[in-house]
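Protein sequences appear in the order of chains L and Y.
Its first residue numbered 1, the first sequence is counted upward by one per residue in the numbering used here.
Its first residue numbered 1001, the second sequence is counted upward by one per residue in the numbering used here.
Quick notes on the structure that follows.
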Amino acid sequence: MLKPVILFLAASILARGSFAAPAPMTAPVPDFIEAHCANCHDDLTKEGNLDLIALSAQPNSPQSFETWAKVHDRVRAGEMPPKKRERPDSDALESFVGTIAQSISTSEQAEVATRGRAVKRRLNRYEYENTVRDLLSLPYLSIKESIPQDPTAHGFNKIGEALDVSHVQMARYLRAAEFSLREAIAPQVARPETTVARYHTWLQPGFVKTAGPDVRRTFPIVGLELQSDLVAGRDPKTGRNTRPNLQDASQPERREQEAVVMLMSTYEPAEIQFNRFRAPVTGRYRLRFSGYTVWMAPDYKSVSRGRRTEPVTVYSDTSPRLLRKLGGFDFGPDPTTHEIEVWLLAGETIRPDAARLVRSRPPDFKNPNLEADGMPGVAFQWMEAEGPLIDTWPRAGHRLLFGDLKIVDPATKPEAGDRPAPGVRSHVAVHSADPEKDAERLLRNFMTRAYRNPVAERDVARFLDVIRGALKMGFDFTDAMIAGYTGVLASPGFLYFEQEVGKLSGLALAERLSYFLWNTAPDAELRRLAENGKLLRPDVLRTQVERLLEHPHSRRFVDAFLDYWLDLRKINDSGPDAELYPEYQLDDLLTESLPAETQLYFLELIRKNLGVRTLVASDFAMLNERLATLYALPGVSGIQIRPVPLDPDSVRGGLLTQGSILKVTANGTTTSPVMRGVWVMERLLGKHTPPPPTAVPAVESDIRGATTIREQLEKHRSEESCNVCHRIIDPAGFALENFDVMGAWRGHYRAVGEGAGDRVKGVGHDGYVFKFRLGPEVDASGELPDGRTFKDIREFRKLLLEDESLLARNLTQQLIVYATGAPIRFSDRPQVAAILARSRDSHYSVRQLIHEIVQSEIFLNK
Amino acid sequence: MKSSPPAAAVSAPYVSTGHTLSRRRFLRNAGIALSLPLLDSMQPVFGGAATRAAAMADGKPRRMLAICNNLGLLPDYFFPQDTGHGYTPSPYLDLLREHRDEFSVFSGVSHPDVDGGHPADNCFLTAAPHPGSGGFRNTISLDQYMAERIGHQTRFPSLNLGVNVQQGMRSLSWTESGVLIPCEEKASDVFKRMFIQGTVAETEHQVRKLELGQSILDAVGDQARTLQRKIGSRDRERLDQYFTSVRELEQRMTASKEWERRPKPSVTAPVPLDPASPREYMEKVRLMYDLARLAFETDSTRVVALLLDSVNSPAIELDGTSVSDGYHNLSHHGKSEAKLSQLKAIDEWHMKLLHGLFTDLKAVREDGDNLLDRTMILYGSNLGNAHAHTTTNLPTIFAGGGFKHGKHLAFDRERNYPLPNLFVSMLQRMGIEADKFASSTGTMRGLDFA
């Protein structure tokens, strides 16, 4: 009864030419569907939500392409028709699969030939920020956050179809552009003097902390002598703590031995600052810090030599607590000096932080570092600031905008923290004797640098009109030029990629390559090679890829790529539950170290030319002491993250067991094998799972400790309709059950219920006493859909490594999507296969894959 | 190594669609307290039918007033014991009993991961996690998010008010890049900006900036048009979208320009007298409530944020009670009876003033509604219990604005329900298309449109 319908519809799709170009998909397809598929996948049963009849009726949409590709893949892999059904004979199967493949490919290729694989797209906010930074020579500039978050498609923020623009976006681009331009202009005519000055902690009001209990106070010492009379004490009359005057007590002849001891990490209400220092102008500075570690007696009455090193992080600080991380180092028991070179903004002061120490929250807290005979502390002696370090004045960005035109200081400057009145500027005014001529010359020069393609005369005229109009309205030369430049930086010529259908031109190739590996516009060398055509030569292209990867800017690629591929941008989306995970509370050093570990690890893969198996297993890990403590690996001290060899039977090694990955795949309270399983399948193996049916409620973890998530899932998995997918996605998640929400190893779950197991003793990083109990034991074993079993993460990793080409194919595809801004199509498959074939001998090293991608037709064409 | 755009560094934002209040000025003119002005029909003056429709889902203009008292309220006297429609009013809520059907009370709500005690007030309208931690950067506040989308419909996109605010350190209002927008402390200043004409020079300066912005938009829009001609259809759609956004922004600038030239509404009320001392805390609060009501009534703005910086307030003057200690010190009561009774008296004043605000708004008619029906009022705190500095179980009242009220919506006090969900509901009630704000997981469960 079904037969005529199917034959008619199937034939009509195929005959109608359907996929863009006529692609005759004749007899074998309808016959095969009728014989082997229609029983379940017709318009009545729609098994698995697949209705091949409806699909046949509307073959032209992109969704249909995707579905046909799935049909192709499932049948080819032998997953369909199901095992219990009769096997089609191999000729029929070959012919069915082959016809579909050819049909999709032909149609797609026709489409690519007329439109290109990639859709025109704008810069995303990462790219915009980098591009403006490099153009205006403002490496510290932060405008990313002032532009709305970019929508994603196919996992990345680089896809043309998704990168929409709204009026909000437009307003923000304009504002960010104008802000950046004004940042680039010299703040004053005179070149600021470079000075060196030392800021002793006793002379900083910001180092006198008197509030609350002892741990929150600061303790002045000279060498290792506690200055008891200068410690804040309680005034019997007022009941308040006294405020000692360290400044008057300081003595020049012993000043170098004077120090201030912190027993807690910098946090409200004990926020220490070198507040006599304020960066006079925005610029580069060298900061040197001197200090050492100490041991404080339990009665807070004496200090002795420190017993270990302590990590110290450094932030810049402007009201109200706008903190930027500047760097970090370790202090040891002997005084040492550490230098960091940083960009500071005008008005910023410096806030150091003994990051390992407790961050106490009221009212009842304990010091987790307290031992029977005392507690660790950090003694800060002084900071030396050298700067601003200036190469030329005005700086490069200013000269790009205004050349050598005469400058004069602004009549008045905006008051700090207040809104500027009309006409009040934070930078110099530029004078032109011949505004008309200067405007054109400067604008033309600016546009040549800003635009990645040759500048059309028409466009120069366009923005010159803006400048002329501004002058006519009564704006001065400086503001008129800024108006023109603002237009340039918000114009389609700057914001959008320019690629014509077919083979990319030299400039378009340079653009794509540069945004791939540096996430910014091409530099002078790339532009030169693009303009003279040499970049199109494979050997030159190869040399350029090497150059870009070797340059420090490649870190921008790693960070931006991992932010999306591995979701590292979500590292702070959820905080660890305060009751279940007190040891992770308010621990900035930990949350800063987690993504850095993964970024440096990926950088190491590229740098050392390591094979793709390293994504899953490695004989080293990138660690500092905080990460090693989280992973319970002894013998790693200090704040710097570096390669550390691992024992052969270590559970660590590879991406899967890194805290960042384990954190972004969990919420702050519990872990779900389903969420983690889906994530591993998608991100590491490139296998997409359909979303769960909406009617089925999600399994919610039970933190009272009565049942494990596994027990709850077993019930779920006993339903065949659920198990179809769960048998594929859950195993990877089960293998990761031994890792908590932050990536630490666990043998037992944690629970808060009364009926749960033993209490665990300890004090959190925030000073709260542990209240959680041990819950049921973790079972991390599982079975893959093909029957192979594993008992824990170590065995699971081995199974994953049995076919490293799967890992390589996925990484290749992720990189292609990122690099070209377009999804992988069915018709891209042969090229992906060719890239893989050429990389096999290198064990699919990440570096080799990047080279092969760049040399492929996919990359070289729009 | 980053610099974010601080408001102060941008000296002439030609392209901003916002018309911000000018710098705070000291004005000590004599005057008397505000009285109800007689303004019958200040209809929204700008906006094509489409923009109007978008901004008013059910055709009614909606407003928002968000108030944060950063020391909160004593939880024992605030939270009702029982739940739902038939809840028994707590001692504090009993002071609002006349308006029982016009507000809801929430328990067991908080902003996920907004910890850190006092600094959390800066996140009251942003819900940005972990204030006070290294590398923290605030995100856009609810009022600014609204202003960006519907602000062009009124003379002022939003007002950001404060009482006793520690300037430069605290505000409810933050830009998208986490820059603090300072609170206006002087009711007289705000009043003048709203109702007293500016000088011709001021107006012309503002208009010129907007015109320059429009000329930039003309240039980039025109370039998009030219580029469109030489590319394929799918790519053309992308540039089309760009062009449309340019045109929409231009329309907003035109609106802003019209506001500059349009005479300000006149009110019969005289310029308010600003209390001289921070001890006159309650009088300041009352003036700000009056000002917000006036702003809504004249449709000068639809979005107001008000920070009551109790942390920064001294021992305050209170009718009928003598207050012995600074507000912050009192909040660390250590269960001292003397301190608790003073705090309770302060809290009760807060409730009385809120009662007055509700009453006043109800007395103003707009079309067939009263103004409370069209004004969402969020009253709450970043602290659930100021004594212990906890940032969970925030005391929260939500009134008016076109919702079904009269309930105690009780959520899990151990595992709080995300308060940002309320923000999503508020945005939607404003007619703004939004399904997420900060860490929201949906709209507020149990809270329905009226």
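Note that the Cβ used here is the ideal one computed from N, Cα and C, for glycine as well.
Span separating the alpha-carbon of residue 1336(Y) from that of residue 269(L): Between residue 1336(Y) and residue 269(L), the C-alpha separation is close to 23 Å.
Nonlocal neighbours in the same chain, by C-beta distance under 6 Å from residue 1446(Y), ignoring five residues either side: Taking C-beta separations shorter than 6 Å and ignoring five residues to either side along the sequence, the partners of residue 1446(Y) in its chain run 1409, following chain order.
CB contact check: residue 402(L) to chain Y, cutoff 8 Å: Taking Cβ atoms only, chain Y never reaches closer than 8 Å to residue 402(L), which makes this a no.
Neighbour-count burial assignment, residue 83(L), 16 or more Cβ in a 10 Å radius: The residue in question, residue 83(L), is exposed, as its Cβ has fewer than 16 Cβ neighbours within 10 Å.
Chain-ordered chain Y contacts of residue 473(L) [CB-CB under 8 Å]: Within 8 Å Cβ-Cβ: 1208, 1211 and 1212.
Neighbour-count burial assignment, residue 688(L), 16 or more Cβ in a 10 Å radius: By the Cβ-count criterion, residue 688(L) is exposed, with fewer than 16 other Cβ atoms from all chains shown falling within 10 Å of its own Cβ.
Residue 73(L) (DSSP reduced to helix, strand or coil): Looking at residue 73(L) - three-state DSSP - the assignment turns out to be helix.
Where residue 1160(Y) sits in the DSSP three-state scheme: Of the three classes helix, strand and coil, the one that applies to residue 1160(Y) here is strand, per DSSP.
Inter-stretch contact at 8 Å, needing at least 3 Cβ pairs: the stretch 302-316 of chain L / the stretch 370-383 of chain L: Contact between the stretch 302-316 of chain L and the stretch 370-383 of chain L is present, because at least three Cβ pairs lie under 8 Å.
Chain C contact residues for residue 1433(Y), given Cβ-Cβ distances below 7 Å: Included in the structure are the protein chains L and Y, with no chain C among them.
Beta-carbon proximity list for residue 661(L), same chain, < 6 Å, skipping 5 on both sides: For residue 661(L), where only same-chain residues beyond five positions count, the Cβ hits under 6 Å are 655.
Span separating the alpha-carbon of residue 1441(Y) from that of residue 1434(Y): Taking the straight line joining both Cα atoms gives about 12 Å.
Whole-angstrom distance between residue 48(L) and residue 70(L), CA atom to CA atom: Residue 70(L) and residue 48(L): Cα-Cα distance of roughly 12 Å.
Neighbour-count burial assignment, residue 532(L), 16 or more Cβ in a 10 Å radius: Residue 532(L) is exposed by the Cβ-count criterion.
Residue 196(L), buried or exposed, once every other Cβ within 10 Å from all chains shown has been counted against 16: Taking every protein chain shown into account, the CB of residue 196(L) has fewer than 16 other CB atoms within 10 angstroms, so this residue is exposed.
Residue 466(L) at chain Y interface by Cβ criterion, 8 Å: With respect to chain Y, the C-beta atom of residue 466(L) has a partner C-beta closer than 8 Å.
Whole-angstrom distance between residue 1313(Y) and residue 1195(Y), CA atom to CA atom: When rounded, the distance between both Cα atoms is 29 Å.
Selected residue, minimal CA-CA separation from residue 852(L), among 102(L), 576(L), 812(L) and 626(L): Checking every option, the nearest Cα to that of residue 852(L) belongs to 812(L).
Element boundaries [beta strand (DSSP E), containing residue 1308(Y)]: Here the beta strand (DSSP E) through residue 1308(Y) covers 1303-1308.
Proximal residues, the stretch 1100-1119 of chain Y versus chain L, C-beta separation under 8 Å: Residues of the stretch 1100-1119 of chain Y whose Cβ lies closer than 8 Å to any Cβ of chain L, in chain order: 1112, 1113, 1115, 1116, 1117, 1118 and 1119.
Where residue 393(L) sits in the DSSP three-state scheme: Note: residue 393(L) maps to coil in three-state DSSP.
Top-ranked residue by Cα proximity to residue 1274(Y), from 1105(Y), 1094(Y), 1164(Y) and 1407(Y): Distances from the alpha-carbon of residue 1274(Y) to those of 1105(Y), 1094(Y), 1164(Y) and 1407(Y) put 1164(Y) closest.
DSSP three-state assignment for residue 1054(Y), whether helix, strand or coil: For residue 1054(Y), the predicted structure reports a pLDDT of 44, less than 50, and the residue's modelled location is therefore unreliable. A value from the coordinates is still provided. If DSSP states are grouped into helix, strand and coil, residue 1054(Y) belongs with the helices.
Residue 1004(Y) classed as buried or exposed, judged by whether at least 16 other C-beta atoms fall within 10 angstroms: Residue placement at residue 1004(Y) cannot be trusted, given a pLDDT of 46 that sits under 50; what the coordinates show is reported in the next sentence. Buried: at least 16 other Cβ atoms inside 10 Å.
Contact under 8 Å by Cβ, residue 480(L) with residue 519(L): In this structure, residue 519(L) does not lie closer than 8 Å to residue 480(L) by Cβ.
Contact residues within the stretch 1156-1172 of chain Y, judged by C-beta distance below 9 Å to chain L: So the list reads 1166, 1167, 1168, 1169, 1170 and 1171, given in the order they occur along the chain.
Interface residues of the stretch 475-489 of chain L facing chain Y [CB-CB below 9 Å]: Within the stretch 475-489 of chain L, the residues whose Cβ lies closer than 9 Å to some Cβ of chain Y are 475, 479, 480, 482, 483, 484, 486, 487 and 488, listed in chain order.
Cβ-Cβ separation, residue 664(L) to residue 567(L) (assumed contact under 8 Å), whole Å: Right, their Cβ atoms sit about 4 Å apart.
Neighbourhood of residue 1073(Y) by C-beta distance below 8 Å, restricted to the same chain and skipping five residues each side: Shown here for residue 1073(Y): same chain residues with a beta carbon closer than 8 Å to its own, the five before and five after excluded, namely 1092, 1347, 1350, 1381 and 1395 in chain order.
Burial state of residue 866(L), where buried means 16 or more other Cβ atoms lie within 10 Å: A question about residue 866(L) goes unanswered here, because the residues of chain L that appear run from 1 up to 862.
Other residues of its chain near residue 1043(Y): CB distance less than 6 Å, five sequence neighbours each side excluded: Residue confidence is low: residue 1043(Y) scores 29 on pLDDT, short of 50, so the model does not pin down where it sits. No coordinate-derived value is stated.
C-alpha gap between residue 637(L) and residue 624(L), whole angstroms: Cα to Cα, the separation comes out at about 7 Å.
Minimum C-alpha distance to residue 309(L) - residue among 323(L), 149(L) and 329(L): Of all alpha-carbon atoms in 323(L), 149(L) and 329(L), the one lying nearest the alpha-carbon of residue 309(L) is that of 329(L).
Contacts that residue 158(L) makes with chain Y (C-beta to C-beta distance below 8 Å): The contact set of residue 158(L) on chain Y, defined by CB atoms closer than 8 Å, is empty, because the minimum CB distance reaches about 14 Å.
Three-pair Cβ contact test at 8 Å for the stretch 1166-1173 of chain Y versus the stretch 136-145 of chain L: Because the criterion of three Cβ pairs below 8 Å is not met, the stretch 1166-1173 of chain Y and the stretch 136-145 of chain L do not touch.
Residue-level contact to chain Y via CB, residue 861(L), 8 Å cutoff: Not closer than 8 Å to any Cβ of chain Y, the Cβ of residue 861(L) fails to qualify, so no.
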